[in-house]
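>
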Amino acid sequence: MKTKNKVKTVAIHIWAFLLAIAIILGMLLMSISLKSQDVQFYNKFQRENSIDEVTGKTHDELDGINLKIAYYLQTGYDYLLEDDFNQKEVMHMQDVWKLFELAYRVMSISVTIIIVSLMTSIFLRVKDELMIKTLRYILVILGLVALMVAIMSFDFNKYFVIFHEIFFDNDLWLLDPRTDLMIQMMPLNFFIQMSIRILIQFLVFMGVVIAVILLNHFLIYKKNKGCVLCNTTEVE
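Numbering of the sequence shown is given in our numbering, commencing with residue 971 and proceeding in unit increments.
As structure tokens, then:
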């Protein structure tokens, strides 16, 4: 009996860890998708930083290009970019689209894992135990993420370059601010502000997830007049 319970405990820990990763990945990629396609942010940034003077284009023209970029990140249609950007810029965006395609697939898988996990845990009557263990793993992983963000914040440019070197197998991302419209429209400060917005959105999503788990625990506590959180096995 003890062996059976131990196996069950280990299985739920592994399940909770994988579920925590699925939730965090899903929320992060959803945040990236939403904020990278926020045309209002593009427009506002370009007006505040006089990008019209840098590019030689009017704000109306830039607004139109921003719409095309946002739609491109949803569809990957090259024709949306070909009228405004040179071949190197279009080829780089094709590489970017491959990353977004992968992100959309991972998001779908994450959502599937979350839904299947919830349904299965309800069927097996382990939902509350699974959710509390998942919350613990989420908090541990978020702590590691916070540490990484703190380190990267000291030299954003350095880690921005490292990101490109990891995810792109060519130098198409090395655009020339003197001649390439894309880098003129989206200089380094654009990506710094974008990253901050993504981080805030991610924290909001994770806050909702944590609140839902805690609310579920509170309702179970009221119903059973016991502490599910205290009675579940500690993370070993």
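Ideal Cβ placement from N, Cα and C applies to all residues, glycine included.
Contact criterion: CB-CB distance below 9 Å. Does F1188 meet it with respect to chain D?
Any reference to chain D falls outside this structure, which holds one protein chain only.
> Quick check on S1091: does DSSP put it in helix, strand or coil?
Within the sequence shown, numbered from 1, the residue matching residue 1091 stands at position 121. Helix.
> Using the Cα positions of E1135 and V1076, report the straight-line distance between them to the nearest angstrom.
Within the sequence shown, numbered from 1, the residue matching residue 1135 stands at position 165. Within the sequence shown, numbered from 1, the residue matching residue 1076 stands at position 106. Roughly 21 Å between the two C-alpha positions.
> To the nearest angstrom, report how far apart L998 and S1020 are at their CA atoms.
Within the sequence shown, the letter at position 28 stands for residue 998. Within the sequence shown, the letter at position 50 stands for residue 1020. Cα to Cα, the separation comes out at about 30 Å.
> In three-state terms, what does DSSP make of D1098?
On the sequence shown, residue 1098 is found 128 positions in, with the first residue counted as 1. Note: D1098 maps to helix in three-state DSSP.
> Which stretch, first to last residue, makes up the alpha helix (DSSP H) that contains K1038?
Here residue 1038 is taken as the residue at index 68 of the sequence shown, counted from 1. Its alpha helix (DSSP H) spans residues 1029-1045.
> Quick check on this structure: which residue in N1127, H1029, I1180, T1149 has the alpha carbon closest to the alpha carbon of I1108?
One-based indexing of the sequence shown puts residue 1108 at position 138. Comparing Cα-Cα distances from I1108 to each of N1127, H1029, I1180, T1149, the minimum goes to I1180.
> Note down, in chain order, each residue of its chain lying with its Cβ closer than 6 Å to the Cβ of Q1007, except the 5 sequence neighbours on either side.
Start at 1 with the first residue of the sequence shown, and residue 1007 comes out as number 37. Closer than 6 Å at Cβ, skipping near neighbours: A1040, L1043.
> Write down the C-beta distance between A1073 and S1003 rounded to the nearest angstrom, noting that I regard them as a contact closer than 8 Å.
Taking the first residue of the sequence shown as 1, we reach residue 1073 at position 103. Taking the first residue of the sequence shown as 1, we reach residue 1003 at position 33. So it is a contact: roughly 7 Å between Cβ atoms.
> Report the option in N975, D1054, W985 whose CA atom is closest to the CA atom of R1106.
Numbered from 1 along the sequence shown, position 136 holds the residue referred to as residue 1106. Taking only the C-alpha atoms, the option nearest R1106 is W985.
> Give me the Cα-Cα distance between D1065 and F1137, rounded to the nearest whole angstrom.
Walking along the sequence shown from the start, residue 1065 turns up at place 95. Walking along the sequence shown from the start, residue 1137 turns up at place 167. Spanning the two alpha carbons is a distance of roughly 9 Å.
> Quick check: D1054 and K1038, are their CB atoms within less than 9 Å of each other?
Position 84 of the sequence shown, counted from the first residue, corresponds to residue 1054. Position 68 of the sequence shown, counted from the first residue, corresponds to residue 1038. Taking 9 Å as the Cβ cut-off, D1054 and K1038 qualify as a contacting pair.
> Need the endpoints of the alpha helix (DSSP H) that Q1154 sits in, please.
Your numbering for residue 1154 matches position 184 in the sequence shown. Its alpha helix (DSSP H) spans residues 1151-1155.
> Where G996 and F1175 are concerned, what is the direct C-alpha to C-alpha distance, given to the nearest angstrom?
One-based indexing of the sequence shown puts residue 996 at position 26. One-based indexing of the sequence shown puts residue 1175 at position 205. Rounded to whole angstroms, G996 to F1175 spans 10 Å at the Cα level.
> Measuring straight from C-alpha to C-alpha, what distance separates I982 and I1102?
Looking up residue 982 in the sequence shown gives position 12. Looking up residue 1102 in the sequence shown gives position 132. Answer to the nearest angstrom: the Cα atoms are 11 Å apart.
> Hey, how far is the Cα of I1121 from the Cα of K974?
In the sequence shown, residue 1121 corresponds to position 151, counting from 1. In the sequence shown, residue 974 corresponds to position 4, counting from 1. The straight-line gap from Cα to Cα measures roughly 43 Å.
> Per DSSP, what kind of secondary structure is R1148 in: helix, strand or coil?
Position 178 of the sequence shown, counted from the first residue, corresponds to residue 1148. In this structure, R1148 counts as coil in the three-state DSSP scheme.
> Is it buried or exposed for Y1049, if we count other Cβ within 10 angstroms and need 16 for buried?
The residue you call residue 1049 lines up with position 79 of the sequence shown. By the 10 Å Cβ count, Y1049 comes out exposed.
> What would DSSP say about G1113, mapped onto helix, strand or coil?
Locating residue 1113 in the sequence shown gives position 143, counting from the first residue. Helix.
> Taking 9 Å as the cut-off, decide whether the C-beta atoms of S1001 and Q1171 are in contact.
Along the sequence shown, read from residue 1 onward, the residue named residue 1001 stands at position 31. Along the sequence shown, read from residue 1 onward, the residue named residue 1171 stands at position 201. For S1001 and Q1171, yes; Cβs fall inside 9 Å.
> Tell me which residue opens and which closes the alpha helix (DSSP H) that Q1171 is part of.
Working through the sequence shown from its first residue, we reach residue 1171 at position 201. Q1171 -> alpha helix (DSSP H) spans 1158-1194.
> What is the DSSP secondary structure of G996, counted as helix, strand or coil?
In the sequence shown, residue 996 corresponds to position 26, counting from 1. G996 falls in the helix class under three-state DSSP.
> Is it the case that the Cβ atoms of M1155 and T1025 are separated by a distance below 9 Å?
As a first step, residue 1155 is located in the sequence shown; it is residue number 185 there, counting from the start. As a first step, residue 1025 is located in the sequence shown; it is residue number 55 there, counting from the start. In this structure, T1025 lies closer than 9 Å to M1155 by Cβ.
> Assuming the contact rule is C-beta atoms closer than 8 Å, I1084 and I991 should be a hit. Round their C-beta distance to whole Å, please.
Position 114 of the sequence shown, counted from the first residue, corresponds to residue 1084. Position 21 of the sequence shown, counted from the first residue, corresponds to residue 991. Going by Cβ atoms, the distance from I1084 to I991 rounds to 11 Å, so no, they are not a contact pair.
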